[in-house]
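This report refers to the structure that appears directly beneath it.
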Amino acid sequence: MKDELNDHVDLLLSEGNDRFQIWKRLKNSETAPKLRHYLNNKALLKDKNAYRYLNLFLSLIVLFVTISKILGVVLYARGIYMIVLLVVPMINMYILKEVLFFRRSGYMFLCILSALSLIHQENRHFPEFLFVLAMIAISSFLYFKLFPKESLIPAPVKKKDG
Numbered sequence: 000m001k002d003e004l005n006d007h008v009d010l011l012l013s014e015g016n017d018r019f020q021i022w023k024r025l026k027n028s029e030t031a032p033k034l035r036h037y038l039n040n041k042a043l044l045k046d047k048n049a050y051r052y053l054n055l056f057l058s059l060i061v062l063f064v065t066i067s068k069i070l071g072v073v074l075y076a077r078g079i080y081m082i083v084l085l086v087v088p089m090i091n092m093y094i095l096k097e098v099l100f101f102r103r104s105g106y107m108f109l110c111i112l113s114a115l116s117l118i119h120q121e122n123r124h125f126p127e128f129l130f131v132l133a134m135i136a137i138s139s140f141l142y143f144k145l146f147p148k149e150s151l152i153p154a155p156v157k158k159k160d161g
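Following numbering that gives the first Met the number 0, the numbering of the sequence shown begins with 0 at its first residue and continues without gaps.
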């Protein structure tokens, strides 16, 4: 089922509107949490245009790492072990989709999971290590540039009785 609110937010963002303008225009008590999530998870049009090539470069790195993982699994693994080893490329494909659409969750997941991947011994060898460091650096840079804290819609603060 298509979400009309999501489509409407996409349309308004593609017209170049600011998050707070869209928030004031579409906010009501029923849709406020969903609207906040959609607005805080999508990049603004001016930011997409400014960081388009860096985002494409990051996507190519993730795609290269994912394809190399898939080839390694297909060429060397057999049986149930093959299915287990394909979990990482499946997660990478989801993250790649999120990054290609300039979504905040994609950059956040990519930065955190890339840093955690350094725990695994095979990711600390020479060529793989450079790709992981590049993914961490570029995804965190884009995360902070595309979604600065002051441009995000804040969550409501509940007042304590007492």
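Even for Gly, the Cβ is constructed at its ideal location relative to N, Cα and C.
Review point. Tell me the DSSP bridge mates of Lys41?
Key: The partner list for Lys41 (beta bridge, DSSP) reads Arg102.
Review point. Given Pro88, which residues of its chain have a CB within under 6 Å of its CB, disregarding the five upstream and five downstream residues?
Key: Excluding the 5 residues flanking it on each side, Pro88 has same chain C-beta neighbours closer than 6 Å at Thr65, Lys68, Ile69, in chain order.
Review point. What separation, rounded to the nearest whole angstrom, lies between the Cα atoms of Leu145 and Gly78?
Key: About 42 Å.
Review point. Using DSSP with H/G/I as helix, E/B as strand and the rest coil, what is Gly15?
Key: In the three-state DSSP reduction, Gly15 falls in the coil class, being neither helix nor strand.
Review point. Taking the alpha-carbon positions, what's the Pro126 to Met134 distance?
Key: If I take the Cα positions, the gap works out to 13 Å.
Review point. With distances taken between CB atoms, is the gap from Phe108 to Ala42 smaller than 8 Å?
Key: Using a Cβ distance threshold of 8 Å, Phe108 and Ala42 do not count as a contacting pair.
Review point. Any chance the segment 34 to 54 sits against the segment 141 to 155, with 3 or more Cβ pairs inside 8 Å?
Key: Touching, yes, given that three or more Cβ pairs across the two stretches are closer than 8 Å.
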